[in-house]
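Comments concern the structure below.
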Amino acid sequence: MNRGTLIALLIAVSAASAVAQSSVSERVSAKTADKTSAGILSNLVGSVELVHEGRIDRVNGGEKMLPGDVLSTGASAFAMLRFEDGSRALVPSDSRVQLLVSQRRHMRLKLLAGRVESRVTPVVQRAYEIETRRGVLGVRGTHFVVCDDGDRITLDVMQGAVSALTTAPAAQPALVLGGFGAKLTADSSAETRALLSAPVFEERDGVLVARDTRRVTAQPVSNASAYQLQVASDDGFEHLLWELQALAPTFTLPHLPAGFYHLRMAALDVDGFEGLPGQTLAFVPRDSTLTSRVDVAADGRQVLAWEPRHADRRYVVELARDPQFNSFVTRRAGVNGNGLVLPDLPPRHYWWRVAEEQGGVASALIDWTINEVDIVAPAKQPHRSPAATGKP
Numbered sequence: 119m120n121r122g123t124l125i126a127l128l129i130a131v132s133a134a135s136a137v138a139q140s141s142v143s144e145r146v147s148a149k150t151a152d153k154t155s156a157g158i159l160s161n162l163v164g165s166v167e168l169v170h171e172g173r174i175d176r177v178n179g180g181e182k183m184l185p186g187d188v189l190s191t192g193a194s195a196f197a198m199l200r201f202e203d204g205s206r207a208l209v210p211s212d213s214r215v216q217l218l219v220s221q222r223r224h225m226r227l228k229l230l231a232g233r234v235e236s237r238v239t240p241v242v243q244r245a246y247e248i249e250t251r252r253g254v255l256g257v258r259g260t261h262f263v264v265c266d267d268g269d270r271i272t273l274d275v276m277q278g279a280v281s282a283l284t285t286a287p288a289a290q291p292a293l294v295l296g297g298f299g300a301k302l303t304a305d306s307s308a309e310t311r312a313l314l315s316a317p318v319f320e321e322r323d324g325v326l327v328a329r330d331t332r333r334v335t336a337q338p339v340s341n342a343s344a345y346q347l348q349v350a351s352d353d354g355f356e357h358l359l360w361e362l363q364a365l366a367p368t369f370t371l372p373h374l375p376a377g378f379y380h381l382r383m384a385a386l387d388v389d390g391f392e393g394l395p396g397q398t399l400a401f402v403p404r405d406s407t408l409t410s411r412v413d414v415a416a417d418g419r420q421v422l423a424w425e426p427r428h429a430d431r432r433y434v435v436e437l438a439r440d441p442q443f444n445s446f447v448t449r450r451a452g453v454n455g456n457g458l459v460l461p462d463l464p465p466r467h468y469w470w471r472v473a474e475e476q477g478g479v480a481s482a483l484i485d486w487t488i489n490e491v492d493i494v495a496p497a498k499q500p501h502r503s504p505a506a507t508g509k510p
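Residue 119 is where the sequence shown starts when you use our numbering, and the numbers rise one by one after that.
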């Protein structure tokens, strides 16, 4: 074999090796792209079940959801399904979804009943789809809600855009933009409409205070037939705790531990479309209502008294000249026990209030027990003459 032939042979072998390596890389890349990945269940509240290979399991969080599995939520139950690329599907109460496909380039959920709220991470060359009885919804990065109440199927797009294609013969895909919704029917293309505006909460200083009535109110929205309120522990509403629908924009919150919560309210139109959400921050105070009274000490001084609910708690007491507590007389924090002796004050009518200390929470956010007290001038002692006393 001469030198030229040897060089040609080496070049051919090198080229063949390169082609083979390229082919293997492409196959590995394609295999990796099509590799099935699981969704992870998290942020569970209430009764949540997962049907896997015909077996029904109660889930506690952290479980994997594989293609073919069905996720069900009961009344007042919520679950979050997280995917590898950061996309999330929130499944609220009384809903069922099935995971059909979960791959790097393709993810498809099927809504069987109820609702599913999706937040899709924008990823190039990856399709995220929601399948319903009457069509398929495809996106590449958006925030939207799909609802199937058994009678109708609606799509509400909060941000981004969704391509809606119904199962109707010769149906054309409809592009639904943020702030719009679409109705999916079996006999026509998707019908789009503008969503109702967001309700505005009646709040104070940017924080809605849920006092002993735990009432939450917003201003009515034109053309609304109902309202929906959701309570979450985070501002992204990924960890829902409670939701309810009502005919008016007034709700009574459930009994929640003291602290701050995020509220989201939406108006629903006559066809069930969920409007744009209005959000606010709410503070739920401790259940600190106390039984209070005014006692009289042995030396005649008045005592602002209350019945402690817990032996180890400290209290804050405020005294003012007006029922709005704008004109303060005194404020005492860190009070132990069950009473505070009034200092010497000018005689008049006063208002006072007491509450358990709540870790530096502002006075406007405390659920006070309010009472009133009249401070009277001390009675003058009658003047006695020396003769009356029998002393010189």
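Heads up, the beta-carbon is just placed ideally off N, CA and C, and yes, glycines get one too.
Legend entry - Given 8 Å, three or more beta-carbon pairs between the region 295-303 and the region 261-277: yes
Inset, instruction - Take L463 as the anchor and find which of V421, N454, A312 has the nearest alpha-carbon. - result: V421
Inset, instruction - Whole angstroms is fine: what's the gap from L314's alpha carbon to V263's? - result: Annotation: L314 to V263 spans about 14 Å, alpha carbon to alpha carbon.
Inset, instruction - Assess, as a yes-or-no matter, whether the region 368-387 is touched by the region 337-357 under the definition of 3 or more beta carbon pairs within less than 8 Å. - result: yes
Inset, instruction - Within the same chain, show all residues whose beta-carbon is closer than 7 Å to that of A286, passing over the 5 residues directly before and after it, in chain order. - result: Cβ within range, chain order: T303, A304, D305, S306, S307.
Legend entry - Other residues of its chain near S211: CB distance less than 8 Å, five sequence neighbours each side excluded: G164, T191, G192, A193, S194, A195, F196, G232, E361
Legend entry - Best match in D266, R449, R427, N456 for proximity to E436 [C-alpha to C-alpha]: R449
Inset, instruction - Determine the direct distance from the alpha carbon of L255 to that of G354, and round the result to whole angstroms. - result: 23 Å
Legend entry - Neighbourhood of E181 by C-beta distance below 8 Å, restricted to the same chain and skipping five residues each side: I158, L159, L168, D175
Legend entry - Option in T239, R258, D269, R244 with minimal Cα separation from T250: D269
Inset, instruction - Count the other CB atoms, across all protein chains shown, that sit within 10 Å of the CB of D492; report buried if there are 16 or more and exposed otherwise. - result: exposed
Inset, instruction - Check each candidate in N444, V219, R411 and name the one with the smallest Cα separation from V459. - result: Closest option to V459, Cα to Cα, is R411.
Inset, instruction - Provide the residue span of the beta strand (DSSP E) that contains F262, from first to last. - result: That run of the beta strand (DSSP E) goes 261-266.
Legend entry - Whole-angstrom distance between V234 and L371, CA atom to CA atom: 23 Å
Legend entry - Backbone CA spacing between P556 and D266 [nearest angstrom]: What is shown of the chain runs 119 to 510, which leaves residue 556 out entirely.
Legend entry - When G186, L184, N161, V494 are compared against N178, the one with the closest alpha-carbon: N161
Inset, instruction - Please check the pair V280 and T260, which I expect to be a contact at CB under 8 Å, by giving their CB distance rounded to whole angstroms. - result: 6 Å
Inset, instruction - Give me the Cα-Cα distance between E202 and H357, rounded to the nearest whole angstrom. - result: 18 Å
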